[in-house]
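So the structure is just underneath, and the comments pick up after that.
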Amino acid sequence: MPALLSARSRLTVFPLEGLTVAYTTQSSDSRSLGDIAIVGVTDPDTATGEHLWRLAASMYNNPPTSQTQARWILTQCTRARAVKAPTYRDLPYAKWTADLNREFHLDVLFANHAILRTGRLTIE
1 MPALLSARSR LTVFPLEGLT VAYTTQSSDS RSLGDIAIVG VTDPDTATGE HLWRLAASMY
61 NNPPTSQTQA RWILTQCTRA RAVKAPTYRD LPYAKWTADL NREFHLDVLF ANHAILRTGR
121 LTIE
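Anchor point for the sequence shown: position 9 equals 9 in this note's numbering, and the numbering is continuous, going up by one each time.
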């Protein structure tokens, strides 16, 4: 599923356990529901989207399901967007490029998302 995607949209950028993460949304159709979450690590050459999945797995005593990992990632993103901490940045019209290497379909809508796509994201 590797995909290179460029767009201009609202980005929320926040620190997460030693990573810098950027979160935005896209819509799967003309209703503009933002049902696709795009989450990328912005650290150049040091981390990828797979680091997010491993970090999510490390938060549990027993190996979590991929559904649980995806929900944990989305929870961090929506929390960061809702909280106005000094280390979080909200960029309303950021231009970005993402090299996405994982697309995950949630079994039910979670935080208004049906799909989570992760990878590396560069803010221009």
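Where a beta carbon is used, it is the ideal one built from N, C-alpha and C, also for glycine.
Keep in mind it's a predicted model, so treat the numbers as computed, not measured.
With a beta-carbon spacing of about 12 Å, alanine 47 and valine 39 fall beyond the 8 Å limit used to define contacts. Rounded to whole angstroms, the separation of the alpha carbons of aspartate 35 and valine 108 is 11 Å. DSSP places serine 58 within a helical segment (H, G or I) once states are collapsed to three. Counting along the chain, no beta strand (DSSP E) covers threonine 42, and no H or E run does either. A Cβ-Cβ distance of about 6 Å is found for the pair glutamine 76 and leucine 16, placing them in contact under the 8 Å criterion.
For the set Thr20, Arg8, Leu52, the Cα lying nearest the Cα of phenylalanine 104 is the one of Leu52.
Threonine 12 is not a Cβ neighbour of tyrosine 93, given a cutoff of 9 Å. For serine 66, the enclosing alpha helix (DSSP H) stretches over residues 66 to 82. Rounded to whole angstroms, the Cβ separation of leucine 100 and leucine 5 is 6 Å, and the two are in contact under 8 Å.
Around the Cβ of alanine 37, a 10 Å sphere holds 16 or more other Cβ atoms; the residue is buried.
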